[in-house]
Amino acid sequence: MCQLAIDRASNWLMVDTWEAEKKDYQPTALVLDHFDQEINNVRNGIDDGNGNRKHVRIALLAGADLIQTMSTPGIWSEKDLDHILGRYGTFIVERSGTDIDDALANLQPWKDNIYVIQQLIQNDVSSTKIRLFLRRGMSVQYLIPAPVVEYIEQNHLFNDDGRASSTHSINQDSEKGKAKEVSTSA
Amino acid sequence: MKRNCGVNSRDKSSNLDLRPHLPRVRPRKPRLRMTVHHYSVLLHLSPGDLDMSQRCTGSPSLSCAITYKPAGFGRRHHHSSRPAWSFPSPCKCKRISSAASKRTLFTHEEARTTQRLQFRQLCDLDAASSLFERRRDAAKVRLAQATIMDTYTFPDYRLKKKMDDPSKTPLLLVACGSFSPITFLHLRMFIMAGDYVKFSTDFEIVGGYLSPVSDAYKKAGLASAEHR
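Protein chains in written order, with the working numbering: chain A, 19 to 204; chain B, 578 to 805.
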């Protein structure tokens, strides 16, 4: 679905399946390390136009809900926070319903690496709301990209709660090549 | 002149012919079995190889012994069975135009199709007279290996190869999340960040990645990774 959404719509976005292909959960710090490794070590950075290779900065892009979980003590380990916010950096998109100053209060040591982006036109769409609409049989057209709407319709995703939808999708894509099915035992 | 193909060799989404090396006729059974001599080549990696492999559409460098059939042998019996990891031999190989390979806007499918075409051109490995050609062929071979083996390759088909402004710091944006499903806000996040970076910082964006979380995350409402 991500690939469908960006294929013809963008000229600089890509989908990386490294994390999705793994059987175990990968902490965000490790995912950023993977990008750092691929771009800066394997590809030796980027040509800066004058023939010199420059080190590329990796930054996490997320919404304000993620930064709120980061500022809540106990959810993220101190080591991970230091790794993501100290070594890399993050761009946070403000969302209505999350107080950004509150969230940043606990992240003072790294505030130079945290950039907050204001939404000039508020967009409140969230995956949770989309799944709610789909469960109720309501249309999600113009809330998500058109090829994604078609894909969901063709594959009957998100019809029920989490458990049912994943088993249903198992039956759907048994013909597909590399199906990764994990039944959510929620 | 159109001939009937036994198999539909036209990709529906683009004009590229996916099987240029096979003639457009039903293949006949080979009457004789001939032995083919394989040559093993060990590729040694060097910093120059890395540079070459960046010019191909996205494959990390591999160091492995590969076998390939020289073009002369292959031509006579490209219909016979061969191990999956050796290179098919062409009758006539259409070179992909240099214009197509320089395009920056690649869709995922176009990138993969270009990879397959480049792989098929490998059979026409000319005698590599210069170091440049040897390294180029070595990089192409690695690319082919990655294509056949269908392993994970890091996507860099839309990564900027060169910065526009040397004075800025290159930046790469990574968005992790479940994307179940992806919404316009996820995409808009990248665009808003692009605007912010352009107007309020000294960074230059060289690419953006979506990294969907693995199935092990066990969140309610998560579709399978294959769908997401």
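Glycine included, every Cβ here is placed at the ideal spot set by N, Cα and C. Nothing here was measured: the structure is a model prediction, and the numbers come from that model.
Near-chain B residues of the stretch 64 to 97 of chain A (beta-carbon distance less than 9 Å), N- to C-terminal order
Cβ contacts with chain B: Ile64, Asp65, Asp66, Gly67, Asn68, Asn70, Lys72, His73, Val74, Arg75, Ile76, Ala77, Leu78, Leu79, Ala80, Gly81, Leu84.
Provide the residue span of the beta strand (DSSP E) that contains Thr108 of chain A, from first to last.
108 to 111
Closest Cα partner of Ser28 of chain A within the set B:Phe780, B:Arg765, B:Lys775
Of the candidates B:Phe780, B:Arg765, B:Lys775, the one whose C-alpha sits nearest the C-alpha of Ser28 of chain A is B:Arg765.
Neighbour-count burial assignment, Phe731 of chain B, 16 or more Cβ in a 10 Å radius:
buried
Residue-chain proximity (Gln21 of chain A, chain B), Cβ-Cβ < 8 Å
yes
Quick check on Phe776 of chain B - is its C-beta less than 8 Å from some C-beta in chain A?
no
Pro163 of chain A (DSSP reduced to helix, strand or coil):
Looking at Pro163 of chain A - three-state DSSP - the assignment turns out to be coil, as it is neither helix nor strand.
Reduced DSSP secondary structure (H/G/I, E/B, other) of Tyr773 of chain B:
Per DSSP, reduced to three states, the secondary structure at Tyr773 of chain B is helical.
Please report the residue range of the beta strand (DSSP E) in which Thr778 of chain B lies.
It is not in any beta strand (DSSP E) - Thr778 of chain B carries neither H nor E in the DSSP assignment.
Identity of the residues DSSP links to Tyr133 of chain A by a beta bridge
A:Phe109
What's the C-alpha gap between Glu56 of chain A and Val49 of chain A?
11 Å
Gln44 of chain A: contacting residues in chain B (beta-carbon distance under 7 Å):
The contacting residues are Ser791.
Can you pull the chain A neighbours of Thr691 of chain B, defined as C-beta to C-beta under 7 Å?
What Thr691 of chain B touches in chain A: nothing, since even the nearest Cβ is about 15 Å away.
Cβ-Cβ distance between Ala752 of chain B and Leu79 of chain A below 8 Å:
yes
Helix, strand or coil for Leu122 of chain A per DSSP?
helix
Which one of B:Glu710, B:Gly754, B:Asp741 has the shortest CA to CA distance from Asn68 of chain A?
If we check each option's Cα against that of Asn68 of chain A, B:Asp741 comes out closest.
Output, in chain order, the set of chain A residues within a Cβ distance shorter than 8 Å of Asp741 of chain B.
Gly67
What is the DSSP secondary structure of Val33 of chain A, counted as helix, strand or coil?
strand
Spatial neighbours of Leu736 of chain B within its chain, please: CB distance less than 7 Å, with the 5 preceding and 5 following residues excluded, ordered by chain position.
Val783, Gly784.
Count the C-beta pairs between the stretch 29 to 49 of chain A and the stretch 712 to 721 of chain B that are closer than 8 Å, then say yes if the count reaches three, no if not.
Output reads no: the stretch 712 to 721 of chain B does not touch the stretch 29 to 49 of chain A.
How about Asn62 of chain A and Arg71 of chain A: do their beta carbons lie closer than 8 Å?
yes
With H, G and I counted as helix, E and B as strand and the rest as coil, what does DSSP make of Lys717 of chain B?
helix
For Gln21 of chain A, I'd like the list of residues in its chain whose CB is within less than 7 Å of its CB, leaving aside the five on either flank, ordered along the chain.
Val33.
Rounded straight-line distance, which links the Cα of Val167 of chain A to that of Leu73 of chain A
The question names Leu, but residue 73 of chain A in the sequence shown is His. Cα to Cα, the separation comes out at about 38 Å.
Report the rounded CA-to-CA distance for Leu152 of chain A versus Lys739 of chain B, giving the unit in angstroms.
43 Å
Within 8 Å of any Cβ in chain A, is that where the Cβ of Val718 of chain B sits?
no
Can you grab the Cα-Cα spacing for the pair Val790 of chain B / Glu686 of chain B, in whole Å?
22 Å
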